[in-house]
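Undergrad: Here the protein sequences line up with chains A and B, keeping their order.
One rule links them: number in our numbering = place in the first sequence (from 1) + 6.
One rule links them: number in our numbering = place in the second sequence (from 1) + 90.
We put the CB at the ideal spot given by N, CA and C, even for glycine.
Since this is a predicted model, take the numbers as computed values, not measurements.
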Amino acid sequence: QQQVKQSPQSLIVQKGGISIINCAYENTAFDYFPWYQQFPGKGPALLIAIRPDVSEKKEGRFTISFNKSAKQFSLHIMDSQPGDSATYFCAASVSNYQLIWGAGTKLIIKP
Amino acid sequence: GAVVSQHPSWVICKSGTSVKIECRSLDFQATTMFWYRQFPKQSLMLMATSNEGSKATYEQGVEKDKFLINHASLTLSTLTVTSAHPEDSSFYICSAESPGLAGLYNEQFFGPGTRLTVL
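#1: What is the residue span of the beta strand (DSSP E) that residue 137 of chain B lies within?
#2: Within a Cβ cutoff of 7 Å, which residues of the same chain sit near residue 35 of chain A, ignoring the five residues on either side of it in sequence?
#3: Going by CA-CA distance only, name the one from B:175, B:182, B:97, B:100 that's closest to residue 208 of chain B.
#4: Could you check where the beta strand (DSSP E) with residue 94 of chain A kicks off and where it finishes?
#5: Return helix, strand or coil for residue 88 of chain A, following the three-state DSSP convention.
#6: Can you find a C-beta in chain B that's less than 8 Å from the C-beta of residue 51 of chain A?
#7: Assign residue 103 of chain A to one of two classes, buried (16 or more other C-beta atoms within 10 Å of its C-beta) or exposed (fewer than that).
#8: Tell me whether residue 171 of chain B is buried or exposed, calling it buried when 16 or more other Cβ atoms sit within 10 Å of its Cβ.
#9: Does any CB atom of chain B fall closer than 8 Å to the CB of residue 35 of chain A?
#10: Rounded to whole angstroms, what's the CA-CA distance from residue 192 of chain B to residue 92 of chain A? Just pull it up for me.
#11: When you compare the CB positions of residue 167 of chain B and residue 123 of chain B, do they come within less than 8 Å of one another, or not?
Next up, the structure:
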C-alpha cells in the first residue's frame, strides 16, 4: 500500500513533442505528490509538486495532472527539449514526511 | 534559496577504512535531514532520517553501526560509512527539509550526491 508505481520505465520523444509520465498509488493518506528531475551524477531536483485539493498545476512547460478518484497523477512536459533528457521520479508522502519514490523514468528527447 | 551541499562529491577508499560525508543546508536551517542511497539506474532508497540533536531513525535493513549519522547542528548532518567494503560502493544523497511557503508545508531539497567507491 506504500508503493508508488511509475511508468513507463523509459521514454523517447521527439523534440517539440509532449512527454507524459504516469504514477499510481494506493495509500489514500498521501497528500503531497512531487516530481523530481535527476541528471546523471547529480542529486534530484524538485520540479513541480501538487496537493490533492487541485486537479492540475502548471509551471512553465511542466504540468501535473491529478486524478484523486483514480489515485493517479502524471507529469506532462510540453514542447520537450533535448535539455529535458533526464530521469524523472514521482513521489508521494503524508504531510511532506517520508517520501515514497517511484522507480523512475529515463526520458530521452531526440533532436 | 534552499541550497544543499555535500562534501566530498566523490571519494575512493580502501576496504576497511571509514569515510565521512557531510551534508549542509547553506541558506536555511533544517531540523530534519534525510540520507539516501542510490544504485545505478535505480530509485532512491531512504537509509535514515536525521533530526538535529537526537538519534537518527534508520530504515529496516540499514545497519546503524555501519552507517553512523550525526546531526550536530541545524545546518549540518554527517554520514560516516565505517569499515567500508566494496558492496558499500554507491551514490549517497542527502536532503534537507525547508519550510515551505507561508510556513504551511515543508519541502525536501537534495544535495548533489557523493559517489563512494570502495576498492
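TA: Taking the structure as given:
#1: 134-141
#2: 100
#3: B:175
#4: 92-98
#5: helix
#6: yes
#7: exposed
#8: buried
#9: no
#10: Confidence is the limiting factor: at residue 192 of chain B the pLDDT is only 47, short of 50, which leaves the residue's position unreliable, though a coordinate-based value still follows. Each residue's Cα considered, the two are about 31 Å apart.
#11: yes
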